[in-house]
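Asker:
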Amino acid sequence: MNPRDSSSSSPSDRRLSALARHLSSPSAGGVGGGVSRSLASSSSFARGDSVFSHVARAPEDPILGVTVAFNKDPSPVKLNLGVGAYRTEEGKPLVLNVVRQAEQQLINDRARVKEYLPIVGLVEFNKLSAKLIFGADSPAILENRVTTVQCLSGTGSLRVGGEFLARHYHQHTIYIPKPTWGNHPKVFTLAGLSVKYYRYYDPATRGLDFQGLLEDLGSAPLGAVVLLHACAHNPTGVDPTIQQWEQIRQLIRSRRQLPFFDSAYQGFASGNLDADAQSIRSFVADGGECLVAQSYAKNMGLYGERVGALSIVCRTADVAGRVESQLKLVIRPMYSNPPIHGASIVAAILRDREMYNEWTIELKAMADRIISMRHQLFDALRARGTPGDWSHIIKQIGMFTFTGLNSQQVAFMTKEYHIYMTSDGRISMAGLSSKTVPHLADAIHAAVARAV
Amino acid sequence: MAAAVRAGVSGRILGRGSAVGARSMSSWWRSVEPAPKDPILGVTEAFLADPSPDKVNVGVGAYRDDNGKPVVLECVREAERRIAGNQNMEYLPMGGSVKMVEETLKLAYGEDSEFIKDKRIAAVQALSGTGACRLFADFQKRFSPDSQIYIPVPTWANHHNIWRDAHVPQRTYHYYHPESKGLDFAALMDDVKNAPNGSFFLLHACAHNPTGVDPSEDQWREISYQIKVKGHFPFFDMAYQGFASGDPERDAKAIRIFLEDGHAIGIAQSYAKNMGLYGQRVGCLSVLCEDEKQAIAVKSQLQQLARPMYSNPPVHGALVVSTILGDPELKSLWLKEVKVMADRIIGMRTALRENLEKLGSPLSWKHITEQIGMFCYSGMTPEQVDQLTKEYHIYLTRNGRISMAGVTTGNVGYLANAINEVTKSS
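Read top to bottom, the protein sequences are chains A and B.
If you read the first sequence in the numbering used here, its first letter stands for residue 591, the second for the next number, and so on.
If you read the second sequence in the numbering used here, its first letter stands for residue 213, the second for the next number, and so on.
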């Protein structure tokens, strides 16, 4: 502390005279009649003194709450089909070989420093991410019409994009599919947009309510923002066909609506990076504008590193430049600049031909294992003669299956079979293995066959 | 066949030239204005673009060694060696790494803090100091919607952006006294007294950014007292613990005074500078509550604000911190390395002042050694700063703030000479 010589009286004199003035003044400020008590007390402040006394405890996050309950269960046959993180056949988290390689490279490079990234993040990472999602030969990239900023995984990309729209776009309503990832409405609401829903899932067919979707987007205002899951819809696993995507694109463009893609599973859905980006690329190919939130949480297994990117495809390079400058104003007061570690790993992999190829192989292996689990579960239910049509299990795609089980059935499965899943009937296929499929099939069979 | 015809037809209708295609549409972003460059980060951009071999960057507040190079602490390198290959990368909880947060609270509140023992602190891992401030600002908006934040003049420019984006009305309080290049204590106290009861006050815990002017211990006690009388809420931004004096305990003195005086406080902590983890974005937001129950409630609400912003915080930097602070040897190494950094800066302050005095500058430069931390508020005008940049290729922010971390034995003479040249006729 630097000593200051601001006045002649001692500090304690000044405090005492301030106190005397204060207590003799009729309009004494402070905490009402409790002033002298609070001045006299030392280390604890009395109940009711906190300005946050009224803060109530928030409810548990429904998805993460599943894992909490799972962890508490002592049963040896318990199964966690809640959160969407990939698990191996042995039920273990997986760090890709290619990620470990990249990590080692970073460690061994003593020239690496930990300086702040620019506000927009690691520039090389941004360029490579844009190429990954739009295709290296995308006209939008070649014409410099894309601005890409590194963000905190998919969530962060959605939030930054949403805040940008709330400030700079003329329509402040975003249409999101029903159902959708539980965090979507919160992200956009806090970003300053209002949220409306369009029909998406048809419980009767356990597939796409395509008519409902077209009707709802058809009656949504001109220019509205529309959230689209690029592939492997979360939580249903139901994706439009290529033909249906084309109709969606035509409708959206004809109503001058603005597409905002959430791409959390590129490569993870079909096992093919290009195929999983097709919906986005068809929109970019028509020359129009869109936003894309990309996540590397699942497809590179970088979950906790929070690596993602927001791209905005604009009509001209000049516009893209101005848009980027405004994105920086959103980011700076949120967290200044994004974390360097995960983006460095991604850049190391994407820029190196061998590592990239190895990544595509490991990615396909994850996607294939999940597809295999789908088939095994479907076969197991058929073998048990479980009533109902379970073909949606193999028709749906990506990490999740929307089983169609209701919350009572789910509760039954948790209680009697120690199966942990969200009450909407969603199961994470990544949490299954060949060994545990029979147990799950038994549980589903029992839940469905029992007299309600 | 029919499908192909359909596709062909729709291709023609919806191809590049069609009305429903995009060519006829203009951009939604036509009217988006180019945003002004960030005043601080824009300086480094300009520096990097300058080809002059004499250029000096005393702009952004990132530590440099005496060769002007960024530093990765040895304790950090060792921690990373231990982490690589050994940890999975699963999601952290919304509130971040529990271990990292525990260690971080000890630094701020004290190793044996009763508040930690009584579990009265609601704390979450945050995206460095910026993220911690923003999370608090959002929390303040949601749960004290009628409150306003008082921000010192001057302050780190981004503080204004943070509370503005959180939609919290802001006011300012006097802080820097240009004539003495010290603290405007009387005016500060008046502002505290005149603010409506229950206002929120942003305080820099140590090494004020950008001025380097800190209250003395006595002054802190008076500020604490007056804030208590008015029922204000003190929020500390502590970005330089350990980095100011070289001793983390000493740099936490202001906070400890407020705790002794019975305030309920909030703190934003950052490891960007004191552990050199800048780009890793590691920090912590804590709010001291009445009891454990309230702390649980407040923490749950902080998590509700973090979830729609980034879901959960990045794991790598947190692992580095908890590895270091959780290992007595590494922690001891860290404390040594922090002191080295702080001492180098104190040494450069002395050197810069002595150089200016030796050059016979007509002005007083004692504030260079009286101020503390990474920054020196030189007192130069924007025009003088522009001249420094144009004629001498010296880069700093136009408020005259010099980042002492950018000063080296190699450039201090050049810097002193340049400063003397542009100021001697003023």
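Ideal Cβ positions, reconstructed from N, Cα and C, are used throughout, including at glycine.
Computed from a prediction, not measured in an experiment: that's the story for all the values here.
To the nearest angstrom, how far is the alpha carbon of Phe744 (chain A) from that of Ala887 (chain A)?
Answerer: As a position in the first sequence, residue 744 (chain A) is number 154, starting the count at 1. As a position in the first sequence, residue 887 (chain A) is number 297, starting the count at 1. Note that residue 744 (chain A) corresponds to Gly in the displayed sequence, not to Phe. Rounded to the nearest angstrom, the two C-alpha atoms are 8 angstroms apart.
Asker: Compare the Cα-Cα distances from Leu568 (chain B) to each of B:Leu542, B:Thr635, B:Lys602 and B:Met553 and report the closest residue.
Answerer: Taking the first residue of the second sequence as position 1, residue 568 (chain B) is located at position 356. Taking only the C-alpha atoms, the option nearest Leu568 (chain B) is B:Thr635.
Asker: Pick out whichever of A:Glu879, A:Asp908 and A:Leu953 has its Cα sitting closest to the Cα of Asp864 (chain A).
Answerer: Within the first sequence, residue 864 (chain A) is the residue found at index 274, counting from 1. Ranking the options by Cα distance to Asp864 (chain A), first place goes to A:Leu953.
Asker: Please classify Lys440 (chain B): is it buried, with 16 or more other beta-carbons within 10 angstroms of its beta-carbon, or exposed?
Answerer: For the purposes of this step, residue 440 (chain B) is taken as residue 228 along the second sequence, with counting starting at 1. That one is buried.
Asker: So what does DSSP say about Lys888 (chain A), is it helix, strand or coil?
Answerer: Position 298 of the first sequence holds residue 888 (chain A). Three-state DSSP puts Lys888 (chain A) in coil, outside helix and strand.
Asker: Pull up the distance between the alpha-carbon of Gly443 (chain B) and that of Phe642 (chain A), whole angstroms please.
Answerer: Here residue 443 (chain B) refers to the residue found at position 231 when the second sequence is read from its first residue. Here residue 642 (chain A) refers to the residue found at position 52 when the first sequence is read from its first residue. The alpha-carbon atoms of Gly443 (chain B) and Phe642 (chain A) are separated by roughly 13 angstroms.
Asker: Using a cut-off of 7 angstroms between C-beta atoms, extract the partners of Tyr706 (chain A) located in chain B.
Answerer: Locating residue 706 (chain A) in the first sequence gives position 116, where the first residue counts as 1. Within 7 angstroms Cβ-Cβ: Ala274, Tyr490 and Gly491.
Asker: From B:Val624, B:Ala484 and B:Pro366, pick the residue whose C-alpha is nearest to that of Val703 (chain A); which is it?
Answerer: As a working mapping, residue 703 (chain A) is identified with position 113 in the first sequence. Checked all of B:Val624, B:Ala484 and B:Pro366; the closest Cα to Val703 (chain A) is B:Ala484.
Asker: Can the beta-carbon of Ala509 (chain B) be found closer than 8 angstroms to that of Arg647 (chain A)?
Answerer: The sequence position of residue 509 (chain B) within the second sequence is 297, counting from 1. The sequence position of residue 647 (chain A) within the first sequence is 57, counting from 1. Yes. Within cutoff.
Asker: List the DSSP bridge partners of Ser482 (chain B).
Answerer: Here residue 482 (chain B) corresponds to residue number 270 of the second sequence, with the count starting at 1. In the DSSP output, where bridge partners are listed per residue, Ser482 (chain B) has B:Gly495.
Asker: Is it buried or exposed, Gly1021 (chain A), if we count other Cβ atoms within 10 angstroms and call 16 or more buried?
Answerer: Here residue 1021 (chain A) corresponds to residue number 431 of the first sequence, with the count starting at 1. That one is buried.
Asker: Along the chain, which unbroken stretches of the beta strand (DSSP E) at least 3 residues long are found entirely within the stretch 933-1014 of chain A?
Answerer: 990-992
Asker: Go to Ser853 (chain A), then tell me how far its beta strand (DSSP E) extends in each direction, as first and last residue.
Answerer: Along the first sequence, read from residue 1 onward, the residue named residue 853 (chain A) stands at position 263. Note, Ser853 (chain A): beta strand (DSSP E), Leu848 to Ser853.
Asker: Do the stretch 542-551 of chain B and the stretch 755-774 of chain A make contact, defined as three or more Cβ pairs closer than 8 angstroms?
Answerer: no
Asker: Would DSSP call Val897 (chain A) helix, strand or coil?
Answerer: Taking the first sequence and counting its residues from 1, one reaches residue 897 (chain A) at position 307. It is coil, neither helix nor strand.
Asker: Any beta carbon from chain B within less than 8 angstroms of Lys786 (chain A)'s own beta carbon?
Answerer: Within the first sequence, residue 786 (chain A) is the residue found at index 196, counting from 1. For Lys786 (chain A), the answer is no, since every Cβ of chain B falls outside 8 angstroms of its Cβ.
Asker: With 8 angstroms as the threshold, decide whether the Cβ of Phe634 (chain B) is near any Cβ in chain A.
Answerer: Within the second sequence, residue 634 (chain B) is the residue found at index 422, counting from 1. First, the residue type needs correcting, since residue 634 (chain B) is Val and not Phe in the sequence shown. Chain A contact via Cβ: absent.
Asker: Chain A partners of Gly410 (chain B), CB-CB under 8 angstroms?
Answerer: Along the second sequence, one-based indexing puts residue 410 (chain B) at 198. Among the residues of chain A, those whose CB is under 8 angstroms from the CB of Gly410 (chain B) are Val641, following chain order.
Asker: Between A:Val673, A:Phe990, A:Asn716 and A:Val1000, which lies nearest to Ala938 (chain A) when the distance is taken from Cα to Cα?
Answerer: Within the first sequence, residue 938 (chain A) is the residue found at index 348, counting from 1. Of the candidates A:Val673, A:Phe990, A:Asn716 and A:Val1000, the one whose C-alpha sits nearest the C-alpha of Ala938 (chain A) is A:Asn716.
Asker: Suppose the cutoff is 6 angstroms on Cβ atoms and the five residues either side in sequence are ignored; what does the same chain contact list for Ala419 (chain B) look like?
Answerer: Taking the second sequence and counting its residues from 1, one reaches residue 419 (chain B) at position 207. For Ala419 (chain B), where only same-chain residues beyond five positions count, the Cβ hits under 6 angstroms are Tyr452, Ala456, Ile584 and Gly585.
Asker: Can a CB atom of chain A be found closer than 8 angstroms to the CB of Gly458 (chain B)?
Answerer: Indexing the second sequence from 1 puts residue 458 (chain B) at position 246. For Gly458 (chain B), the answer is no, since every Cβ of chain A falls outside 8 angstroms of its Cβ.
Asker: Rounded C-beta distance between Gly612 (chain B) and Val624 (chain B)? I'm assuming under 8 angstroms.
Answerer: Residue mapping note: residue 612 (chain B) aligns to position 400 of the second sequence, counting from 1. Residue mapping note: residue 624 (chain B) aligns to position 412 of the second sequence, counting from 1. Actually they do not touch by this definition, with Cβ atoms about 17 angstroms apart.
Asker: Given a limit of 7 angstroms on CB to CB distance, which residues of the stretch 881-909 of chain A reach chain B?
Answerer: Gly891, Leu892, Tyr893, Gly894, Glu895, Arg896, Cys904, Arg905, Thr906 and Val909
Asker: Quick one: is Thr768 (chain A) near chain B, going by C-beta distance under 8 angstroms?
Answerer: Residue 768 (chain A) sits at position 178 when you count from the first residue of the first sequence. Rather than Thr, the amino acid found at residue 768 (chain A) in this sequence is Lys. No, because no Cβ of chain B sits closer than 8 angstroms to the Cβ of Lys768 (chain A).
Asker: Against chain B, with Cβ distances strictly below 8 angstroms, would Ala675 (chain A) count as a contact?
Answerer: Stepping through the first sequence from its first residue, residue 675 (chain A) is reached at position 85. Chain B, which has a Cβ nearer than 8 angstroms to the Cβ of Ala675 (chain A), makes this yes.
Asker: Suppose the cutoff is 8 angstroms on Cβ atoms and the five residues either side in sequence are ignored; what does the same chain contact list for Tyr522 (chain B) look like?
Answerer: The sequence position of residue 522 (chain B) within the second sequence is 310, counting from 1. So the qualifying residues of the chain are Leu339.
Asker: Taking 8 angstroms as the CB-CB limit, is Ser872 (chain A) close to chain B?
Answerer: Start at 1 with the first residue of the first sequence, and residue 872 (chain A) comes out as number 282. False, the Cβ-Cβ gap to chain B never drops below 8 angstroms.
Asker: Is there a C-beta anywhere in chain B that falls below 8 angstroms from the one on Ser869 (chain A)?
Answerer: For this step, residue 869 (chain A) is matched to residue 279 along the first sequence. Ser869 (chain A) does not count as touching chain B.
Asker: Determine the contact status of Ala274 (chain B) and Tyr706 (chain A), defining contact as a CB-CB distance below 8 angstroms.
Answerer: Counted from its first residue, the second sequence places residue 274 (chain B) at position 62. Counted from its first residue, the first sequence places residue 706 (chain A) at position 116. In contact: Ala274 (chain B) and Tyr706 (chain A) (Cβ atoms closer than 8 angstroms).
Asker: Using three-state DSSP, classify Ser436 (chain B) as helix, strand or coil.
Answerer: Within the second sequence, residue 436 (chain B) is the residue found at index 224, counting from 1. Helix at Ser436 (chain B).
Asker: Within 10 angstroms of its Cβ, does Lys393 (chain B) collect 16 or more other Cβ (buried), or is it exposed?
Answerer: Within the second sequence, numbered from 1, the residue matching residue 393 (chain B) stands at position 181. Answer is buried; the Cβ neighbour count reaches 16.
Asker: What is the DSSP secondary structure of Lys786 (chain A), counted as helix, strand or coil?
Answerer: Within the first sequence, residue 786 (chain A) is the residue found at index 196, counting from 1. Three-state DSSP puts Lys786 (chain A) in a strand.
Asker: Please look up how many angstroms separate the CB atoms of Leu686 (chain A) and Gly891 (chain A), rounded, as I've assumed it's under 8 angstroms.
Answerer: The residue labelled residue 686 (chain A) in the question sits at position 96 within the first sequence. The residue labelled residue 891 (chain A) in the question sits at position 301 within the first sequence. Contact holds; Cβ gap of about 5 angstroms.
Asker: CA-CA distance, Pro1082 (chain A) and Val1038 (chain A)?
Answerer: Nothing about residue 1082 (chain A) can be read from this structure; chain A reaches only from 591 to 1042.
Asker: Restricting to Cα atoms, I'd like to know which of A:Leu684, A:Gln837 and A:His1035 is closest to Phe800 (chain A).
Answerer: Here the question's residue 800 (chain A) lines up with position 210 in the first sequence. Ranking the options by Cα distance to Phe800 (chain A), first place goes to A:Gln837.
Asker: By the criterion of Cβ-Cβ separation under 7 angstroms, what are the contact partners of Val777 (chain A) in chain B?
Answerer: Taking the first sequence and counting its residues from 1, one reaches residue 777 (chain A) at position 187. Correct list: Pro520.
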